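As structure tokens, the structure follows; a few thoughts come after it.
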Amino acid sequence: MSQALLRRMALKAYATGYEHVARPLTFRHTAQASHERMLALLRWLDVQEWAVATLEVMNRAFFPQASTHVGGVTLPHPLILSAGLVKGDGFTDEEAAVCAAHRRNIIPGWRSVPALVGPVEFGSFTRWPRAGNLGEVLWRDEGTQSTQNRIGLKNPGIRAAAQFLGVWRAQLPSVFGINIAPSPGADDETARKEILEALALLFDAGVQPAWLTLNLSCPNTEDDAGARQTEAAARLLAGQVVDFLSPRKTPLWIKIAPDLSDEQYRALLRVFADTGVSAVIATNTLPRPVPNHASVTAGAGGGWLRPYSLRIVKLLAEERTRHGYPVDIVASGGVLSSRHLHQFREAGAQAFQYWSALVYRGPLAAALLHAEASYEEGHHDNTGA
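Be aware that the sequence shown starts at -4, since it is given in my numbering, and climbs by one per residue.
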């Protein structure tokens, strides 16, 4: 019996167990309660050597090597856990965050998550700490397999995050990304200054990500998601960040919103090509009213987001082909099955980020997606269909 067949059988058994046992048990609790329990578990797993070693064995067993070059980075496989999970605790004060970084694990999952799933994008981190929004900030919609959050860029701030990761840099994964976002409400000049300060703090701490993502849209804050995505603002900011990163041989990726005009997407892709951006992530979550509060919006992902992201990936890919732009496309938004993976690949994506799939298909979601897609492609080739 081949290793691939054994892997597929094991993953099929896992999928059945998660769908019929683990997920119903998880969904007895609210999305927020489940998320908080998961973070507590990750915080514990990070410091358990036997657990990390076990997760690494599981990674080797369930994730076949499928080397993928995208955005100036070589990934072990084309599925990346998107920013939003491994981002850390919230703080209101930088000094308190830095002190905590030297006493305890302020970024739960930094070690255990990549040990299991491989490529992870840490963050988003902002220049200054953010406590995030109060009250209920996470929701699920099972019917559409969607998620929704208004966490509000909760994170310890880049100084504390960089110092924490710097202390543990020998145990960081070999391939990971860092996602940095401007502070909500900051004007363009302040945002540029904060981003460049954040980059300096990150690299001065000895943290060397495989790629750096600039998050130009965050719909779970009160910020204007489109303000930083005008052609002029994006050109100046992207150009300065590329100038900073180039001597450090770190490619820049940029994450964009799902609700811009077609002309804005075309202009942004032109800017990215002109300034040396290596990849565009399409897209961030979609602003949508939260359950029972029509006046409050939160970022929706999963099934709700997929038609938007798929259309934008296709638009960007067509524009890239038309002009020969050297900018790769990373799909993000509703990659929940091998069919979705195939749709995004056909639309022009070279790699894929996921988040809602963790909720609906469990911690081995990426392995499932990869195995299902590989089997279907092989079956298609063998049948000549």
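Built from N, CA and C at the ideal position, the CB exists for glycine as well.
Only a predicted model underlies this, so the values are computations on that prediction, with no experimental measurement involved.
Check whether residue i and residue j have beta carbons under 8 Å apart
i	j	result
VAL68	VAL170	yes
PRO103	LEU148	no
ALA92	ALA155	yes
VAL108	LEU37	yes
ALA78	THR208	yes
GLN166	ARG106	yes
ASP323	GLN345	yes
LEU6	PHE86	no
ARG187	LEU231	yes
Spatial distance of residue i from residue j (CA atoms)
i	j	result
ASP219	SER290	Below a pLDDT of 50, predicted positions are generally treated as unreliable, and ASP219, at 49, falls in that range; the measurement from the model is reported next regardless. Approximately 16 Å between the Cα atoms of the pair.
ARG125	LEU196	17 Å
ASP269	PHE120	26 Å
GLN338	LEU111	26 Å
ALA368	ASP183	42 Å
ASP41	GLY343	36 Å
ARG243	SER178	24 Å
VAL115	TRP45	21 Å
PRO286	GLN(-2)	45 Å
MET4	GLU372	17 Å
ASN54	GLY113	7 Å
VAL354	ASN128	21 Å
PRO246	TRP206	5 Å
ALA10	PHE117	26 Å
HIS97	GLY172	22 Å
GLY138	ALA352	14 Å
ARG32	THR25	11 Å
GLU14	ARG356	7 Å
GLY180	ASN210	14 Å
ASP257	LEU310	8 Å
VAL308	ARG265	15 Å
ALA200	LEU1	43 Å
ALA380	SER333	With a pLDDT of 45 at ALA380, under the threshold of 50, the predicted position of this residue should be treated as unreliable, though the coordinate-derived value follows. Distance between the alpha carbons of ALA380 and SER333 is about 17 Å.
ASP136	ILE146	17 Å
Terminal residues of the alpha helix (DSSP H) in which residue i lies
i	result
PHE339	333 to 342
LYS244	Segment: none, LYS244 is in no alpha helix (DSSP H) and carries neither H nor E.
GLN27	26 to 40
ASP183	183 to 199
THR431	No answer is possible for residue 431: the residues shown for the chain start at -4 and end at 380.
GLU14	Careful: GLU14 lies outside any alpha helix (DSSP H) and carries neither H nor E.
SER304	301 to 318
GLN259	257 to 270
THR63	Per DSSP, THR63 belongs to no alpha helix (DSSP H); it is in the beta strand (DSSP E), 63 to 65.
Terminal residues of the beta strand (DSSP E) in which residue i lies
i	result
LEU70	68 to 70
VAL170	Note, VAL170: premise wrong, no beta strand (DSSP E); not H, not E.
ALA293	288 to 297
GLY161	Counting along the chain, GLY161 falls outside any beta strand (DSSP E), though it belongs to the alpha helix (DSSP H) covering 153 to 162.
SER119	116 to 120
GLN143	141 to 144
TRP134	133 to 136
ASN210	206 to 210
SER107	Segment 107 to 112 is the alpha helix (DSSP H) holding SER107; no beta strand (DSSP E) there.
LEU76	74 to 76
Proximity winner among the options, relative to residue i (alpha-carbon distances)
i	options	result
GLY329	ARG317, ARG306, GLY319 and ARG315	ARG306
TRP134	GLN27, HIS318 and ALA61	GLN27
LYS82	ARG187, ALA181 and HIS30	HIS30
TRP123	VAL47, PHE58, SER333 and GLU189	GLU189
GLN259	PRO282, ALA295, GLU314 and LEU1	GLU314
TRP393	ALA176, ASN100 and ARG356	Absent from the structure is residue 393, since the part of the chain shown begins at -4 and ends at 380.
ALA48	GLY180, PRO168 and ARG334	PRO168
PHE198	ALA186, ASN150, GLY357 and ILE175	ILE175
Contact between the segment 154 to 173 and the segment 226 to 235 is defined here as three or more beta-carbon pairs at a separation below 8 Å; is this criterion met? no
Can at least three beta-carbon pairs, one atom from the segment 291 to 300 and one from the segment 131 to 145, be found at a separation below 8 Å? yes
Can you confirm whether the segment 357 to 365 touches the segment 68 to 84 when touching is taken to mean that 3 or more C-beta pairs between the two stretches lie within less than 8 Å? yes
Touching by the beta-carbon criterion (3+ pairs, under 8 Å), the segment 274 to 282 and the segment 234 to 243: Taking one beta carbon from each stretch, the segment 274 to 282 and the segment 234 to 243 have fewer than 3 pairs nearer than 8 Å; the two do not touch.
Evaluate contact between the segment 276 to 285 and the segment 250 to 264, counting only Cβ atoms and requiring at least three cross-stretch pairs below 8 Å. yes
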